[in-house]
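One structure is given below, encoded as structure tokens.
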């Protein structure tokens with residue numbers, strides 16, 4: 008306690024002297040002349056060890072008559088350029104010296120004072136760089152990962168996680184195997200007649216070897232018949248072909264009513280799709296293979312072209328090589344509320360009839376059980392997609408789109424060829 012403030016540093020005292028020089032009676036030596044503008048040299052902070060009282064070493068007294076040895080004054084430590092000292096001298100009986108030392112830290116390094124050596128040293132902190140990090144060899148890294156995984160698997164969380172990963176991998180492998188194996192072993196779908204499941208616009212790459220020619224031969228229809236003309240008194244436009252149908256039907260072995268329906272469908276298609284060039288012999292062959300011209304299941308073809316009782320095929324439940332098609336018309340056409348069934352003398356399924364159905368007898372109803380409507384609808388179905396029935400590939404593709412079974416298409420061709428040959432005799 009010097010001036011009422013606690014001083015945490017003890018500074019060495021220096022002799023006080025008046026500003027103008029030492030007193031004459033003080034016995035002090037004259038101060039050297041000061042240089043104008045000179046700045047006093049700052050003092051360095053005193054290390055903590057220098058504050059401790061030092062015990063002078065015992066000195067042997069010199070022999071009498073010998074001058075005492077000069078004592079070497081302790082050398083003050085060199086001044087730190089970063090410190091500044093502000094001396095404050097007061098003269099008086101209780102003169103006291105006060106100096107404030109300010110130290111500015113280095114911007115780039117942090118310095119710590121080592122009390123053991125009494126010297127100010129700077130400790131540099133180095134930042135490790137990425138290129139200085141040494142990685143273990145791949146084999147050691149893999150072994151370490153295996154050990155870490157094994158240790159983690161023994162914990163409760165590891166056991167649950169590994170079980171989940173194993174089950175997920177097993178399910179994924181099973182799904183992948185099923186996606187590859189099941190389609191390969193499943194049989195190819197076999198659409199029923201008129202289902203239209205194959206692409207109707209794509210024919211086979213190679214034309215089959217048709218007996219008797221590349222396409223079934225046809226018989227010219229009588230001229231002067233207007234398919235869009237005024238209906239005859241009977242109300243059936245196909246009656247305009249009655250004479251031709253009677254003569255040609257006797258030669259080919261086709262009932263007259265069915266012959267009128269096939270011939271009238273050819274005339275209509277010649278006006279609506281002239282590029283198709285569909286012959287009645289193809290329609291008659293399909294009618295024979297599907298329902299024996301409306302006589303299947305004990306049915307009989309009426310004079311107006313309806314087959315009674317209605318011809319309804321087997322349920323499409325996926326059995327016996329049939330497709331599995333659930334009910335789509337609420338039983339309106341096939342009287343089945345569970346599965347769809349092929350209906351009528353040309354055996355259309357309800358979904359195909361809703362797309363391609365026609366009204367050929369002008370009664371305002373599209374009836375699949377009426378051979379007039381069914382024959383024209385079958386012709387529209389065969390000609391769609393821009394097919395030309397005089398081209399073998401188009402003819403073959405059209406029949407396979409009706410029923411994707413090669414034997415079925417061959418049977419249709421054989422019957423159409425027979426009708427074409429016999430009707431010309």
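Residue numbers (this note's numbering): 8 to 432. Yeah, the Cβ is synthetic: ideal placement off N, Cα and C, and Gly gets one too.
Item, Value
"Comparing C-alpha positions only, which one of 359, 356, 363, 383 sits nearest to residue 369?", "383"
"Pick from 294, 377, 398: whose alpha carbon is nearest that of residue 409?", "294"
"Compute the distance between the beta-carbons of residue 268 and residue 378, then report whether it is under 8 Å.", "yes"
"Quick check on the DSSP output: the beta strand (DSSP E) that includes residue 412 runs from which residue to which?", "Note, residue 412: premise wrong, no beta strand (DSSP E); not H, not E."
"Can you tell which of 153, 349, 250, 366 has the C-alpha that lies nearest to the C-alpha of residue 330?", "349"
"Is the distance from the Cβ of residue 375 to the Cβ of residue 364 below 8 Å?", "yes"
"According to DSSP, simplified to helix, strand and coil, what is residue 315?", "strand"
"Could you have a look at residue 350 and say whether DSSP puts it in helix, strand or coil?", "strand"
"Could you give the DSSP three-state label for residue 380: helix, strand or coil?", "helix"
"Quick check on the burial criterion: 16 or more other C-beta atoms within 10 angstroms. Buried or exposed for residue 155?", "exposed"
"Can you check whether the CB of residue 286 is closer than 8 Å to the CB of residue 352?", "no"
"Go ahead and label residue 310 buried or exposed: buried means 16 or more other beta carbons lie within 10 angstroms of its beta carbon, across all protein chains shown.", "exposed"
"With a threshold of 7 Å, establish whether the CB of residue 396 neighbours any heavy atom of the ligand FMN.", "You won't find the ligand FMN in this model; it holds no ligand whatsoever."
"Kindly confirm or deny that the region 331 to 342 and the region 243 to 250 touch, where touching means at least three C-beta pairs closer than 8 Å.", "no"
"I'd like the span of the alpha helix (DSSP H) that includes residue 359, first residue to last.", "357 to 363"
"For residue 317, collect the residues of the same chain with a Cβ closer than 6 Å to its Cβ; drop the 5 residues on either side in sequence, then sort them by chain order.", "376"
"DSSP three-state call for residue 320: helix, strand or coil?", "strand"
"Could you check if residue 257 is buried or exposed, using at least 16 other CB atoms within 10 Å of its CB as the buried criterion?", "exposed"
"Under a Cβ-count criterion, where at least 16 other Cβ atoms within 10 Å of its own Cβ denotes burial, should residue 403 be classed as buried or exposed?", "buried"
"What is the rounded straight-line gap between the Cα of residue 182 and the Cα of residue 172?", "15 Å"
"DSSP on residue 307, reduced to helix/strand/coil?", "strand"
"Please report the distance separating the alpha-carbon of residue 427 from that of residue 343.", "38 Å"
"Over what stretch of residues does the alpha helix (DSSP H) that includes residue 154 continue unbroken?", "145 to 160"
"From residue 305 to residue 312, what does the alpha carbon distance come to, in whole angstroms?", "16 Å"
"So residue 290 packs on residue 272, CB below 8 Å; how close in whole Å?", "6 Å"
"So residue 275 and residue 367 are in contact, right, with Cβ under 8 Å, and what is the actual spacing, rounded?", "7 Å"
"Using 10 angstroms around the beta-carbon of residue 385, count the other beta-carbons present and answer buried if the total reaches 16, otherwise exposed.", "buried"
"So residue 415 and residue 296 are supposed to be a Cβ contact under 8 Å. How far apart are they, rounded?", "7 Å"
"Grab the span of the alpha helix (DSSP H) containing residue 284 for me, first residue to last.", "Where residue 284 is concerned, there is no enclosing alpha helix (DSSP H), given that its DSSP letter is neither H nor E."
"Look at residue 358 and residue 347 and say whether their C-beta atoms are less than 8 Å apart.", "yes"
"To the nearest angstrom, how far is it from the Cα of residue 303 to the Cα of residue 345?", "23 Å"
"Could you check which residue in 174, 300, 399 has the C-alpha nearest to that of residue 354?", "300"
"Our contact map puts residue 259 next to residue 397 with C-beta atoms below 8 Å; I'd like the distance itself, whole angstroms only.", "The pair is not a contact, with the Cβ atoms about 20 Å apart (cut-off 8 Å)."
"Going by beta carbon distance, what residues of the same chain come within less than 6 Å of residue 292, once the five residues before and after it are set aside?", "419, 422, 423"
"Hey, how far is the Cα of residue 411 from the Cα of residue 327?", "15 Å"
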